[in-house]
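Residue numbers (this note's numbering): 1174 to 1472.
Each residue gets a CB set at the ideal place from its N, CA and C atoms; glycine is no exception.
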Amino acid sequence: MPISITPLTPDFVGEVAGIDCREPLDAAEIAAIEAGMDRYSVLVFHDQPLSDDDQLAFTRQFGALENYATPGHIVGHQQKRLGPGMADFSNLDKDGNIISAEDRIWFFKLGDRLWHSDSSFRPIPAKYSLLSGRIIPTWGADTEFADMRAAYDALDPRTKAMVEDLVCEHSLIYSRAAIGFTDLSDDEKAAFKPVRQPLVRIHPVTGRRSLFLASHAGAIVGWTIPEARMFLNELTEHATQREFVHCHKWRVGDLVMWDNRQTMHRARRFDRNEVRDVRRTTLGGEAAIPVKTGIGEAA
Ligand SMILES: [Fe+2]
């Protein structure tokens, strides 16, 4: 069966059929998936029982993995359950036990339930994220996606003109403070030093504009903090209205791939006494392209 992509929502989420993600793709299949990512920005692959090596090999066909040797890493999180290149979005510790509710690693994970774009707190934010569902709780644990191109398009003309040249500061410090988790070490505060990102970014292939928002954004250059936070809240409310949002309900073996340059996403609540084992591979991206060259450069 040749590869096919069927819309789940018009021009936002597509369902891919006709490929086995454990097998190497040919050039036409890679091109079809990349074109699908450019058009939709979220692609769902069902019935893909991947090992970590399978997932890494599949991901690398679309580019280089994200380089985590950049600011933003969680200090002291070296006791990992998974190998290099695999990001652990489970609620399990390195021994396979459910993480304590008081564990600060759990606090970091809880922050993923706020709307965000992966690695917007790094100088080079993520391009694609690929999340593989290995063990899925019986209730909840959905992942929601918001279309930031549609959200940008729907802004009123005055707000569009206002956001065009704005630059935000993103940091894990802001997103974790939003859930009351402020107990960060000096090393973590240094590693989470805010980075600057344009509020409107341009897709390098399609040229489409999208709002580059995330709960990691906590300041706007040249604005007071209260004014910036209120405006970012308002934009986030606008961008995450139901008409821009798709909810993915996980089945074991799902692989979901999204373009962080044109979407936000958030994890949804589940019973923490049940195991959730989802594993992410992440493609490195390019510096966000601002509307006017130079706007997004770090100070
Ligand atoms: Fe994420």
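key: Cβ-based neighbour list, Ala1205, same chain, cut-off 6 Å, excluding 5 preceding and 5 following   = Translated into positions along the sequence shown, residue 1205 becomes position 32. Ile1176, listed in sequence order.
ask   = Is it true that the stretch 1417-1425 meets the stretch 1272-1279, where meeting means three or more beta-carbon pairs spaced less than 8 Å apart?
value = no
query = What is the rounded straight-line gap between the Cα of Cys1341 and the Cα of Phe1185?
reply = For the purposes of this step, residue 1341 is identified with residue 168 of the sequence shown, where counting begins at 1. For the purposes of this step, residue 1185 is identified with residue 12 of the sequence shown, where counting begins at 1. Near 25 Å, if we compare the C-alpha coordinates of Phe1185 and Cys1341.
inquiry  = When you measure from the CB of Asp1291 to every non-hydrogen atom of ligand 1, does any distance come out below 6 Å?
reply    = Taking the sequence shown and counting its residues from 1, one reaches residue 1291 at position 118. The answer is yes for Asp1291.
request  = Compute the minimum distance between the beta carbon of Asp1432 and the heavy atoms of ligand 1, and state whether it is under 6 Å.
outcome  = For the purposes of this step, residue 1432 is taken as residue 259 along the sequence shown, with counting starting at 1. No - ligand 1 has no heavy atom lying nearer than 6 Å to the Cβ of Asp1432.
query = Taking the C-alpha atoms as reference points, what is the distance between Ile1398 and Gly1391?
reply = If you number the sequence shown from 1, residue 1398 lands on position 225. If you number the sequence shown from 1, residue 1391 lands on position 218. If I take the Cα positions, the gap works out to 8 Å.
query = Between the stretch 1291-1311 and the stretch 1449-1461, do at least 3 Cβ pairs fall closer than 8 Å?
reply = yes
query = Can you tell me whether DSSP reads Met1430 as helix, strand or coil?
reply = Working through the sequence shown from its first residue, we reach residue 1430 at position 257. Strand.
request  = Let me know if Trp1312 comes out buried or exposed under the rule of 16 or more other beta-carbons within 10 Å of its beta-carbon.
outcome  = Numbered from its first residue, the sequence shown carries residue 1312 at position 139. Trp1312 is exposed by the Cβ-count criterion.
query = What are the residues that DSSP puts in a beta bridge with Tyr1301?
reply = Against the sequence shown, residue 1301 aligns to sequence position 128. Note: Tyr1301 sits in a beta bridge opposite Asp1432.
request  = Hey, could you find the ends of the beta strand (DSSP E) Gln1370 is sitting in?
outcome  = Numbered from its first residue, the sequence shown carries residue 1370 at position 197. Taken as a continuous stretch (DSSP letters only), the beta strand (DSSP E) holding Gln1370 covers Val1368 to Pro1371.
ask   = Does DSSP put Leu1198 in a helix, in a strand, or in coil?
value = For the purposes of this step, residue 1198 is identified with residue 25 of the sequence shown, where counting begins at 1. Correct three-state label for Leu1198: coil.
inquiry  = Let me check understanding here. Comparing Cα to Cα, which of Asn1433, Leu1428 and Pro1463 lies closest to Asp1220?
reply    = Along the sequence shown, read from residue 1 onward, the residue named residue 1220 stands at position 47. Considering only alpha carbons, the answer is Leu1428.
request  = Compute the Euclidean distance between the alpha carbons of Trp1396 and Asp1225, then round it to the nearest angstrom.
outcome  = Here residue 1396 refers to the residue found at position 223 of the sequence shown. Here residue 1225 refers to the residue found at position 52 of the sequence shown. Going by the C-alpha atoms only, they are around 44 Å apart.
ask   = Do you know offhand how far Thr1179's Cα is from Leu1216's?
value = By 1-based counting over the sequence shown, the position of residue 1179 is 6. By 1-based counting over the sequence shown, the position of residue 1216 is 43. Each residue's alpha carbon lies about 9 Å from the other.
task = Using beta-carbon positions only, say whether Leu1287 and Ser1348 come within less than 7 Å of one another.
result = What you label residue 1287 is simply residue 114 of the sequence shown in a count that begins at 1. What you label residue 1348 is simply residue 175 of the sequence shown in a count that begins at 1. Yes.
ask   = Does DSSP put Pro1296 in a helix, in a strand, or in coil?
value = By 1-based counting over the sequence shown, the position of residue 1296 is 123. Three-state result, Pro1296: coil.
query = Quick one: what's got a C-beta closer than 7 Å to Glu1239's C-beta in the same chain, skipping five residues either side?
reply = For this step, residue 1239 is matched to residue 66 along the sequence shown. Ser1292, Ala1299, Thr1455, Leu1456 and Gly1457.
task = Evaluate Arg1449 with the Cβ neighbour count: other Cβ atoms within 10 Å of its Cβ, from every protein chain shown; 16 or more gives buried, anything less gives exposed.
result = Taking the sequence shown and counting its residues from 1, the one referred to as residue 1449 is at position 276. Buried.
message = Short of 6 Å in beta carbon distance, which residues of its chain neighbour Arg1322, apart from the five on each side in sequence? Order them along the chain.
response = The residue given as residue 1322 occupies position 149 in the sequence shown. Only Arg1381, Ser1383 and Gln1435 meet the Cβ criterion.
key: C-alpha gap between Leu1283 and Gln1370, whole angstroms   = What you label residue 1283 is simply residue 110 of the sequence shown in a count that begins at 1. What you label residue 1370 is simply residue 197 of the sequence shown in a count that begins at 1. Answer to the nearest angstrom: the Cα atoms are 24 Å apart.
inquiry  = My parser needs the beta strand (DSSP E) runs of 3 or more residues fully inside the stretch 1317-1356; what are they?
reply    = 1340-1343
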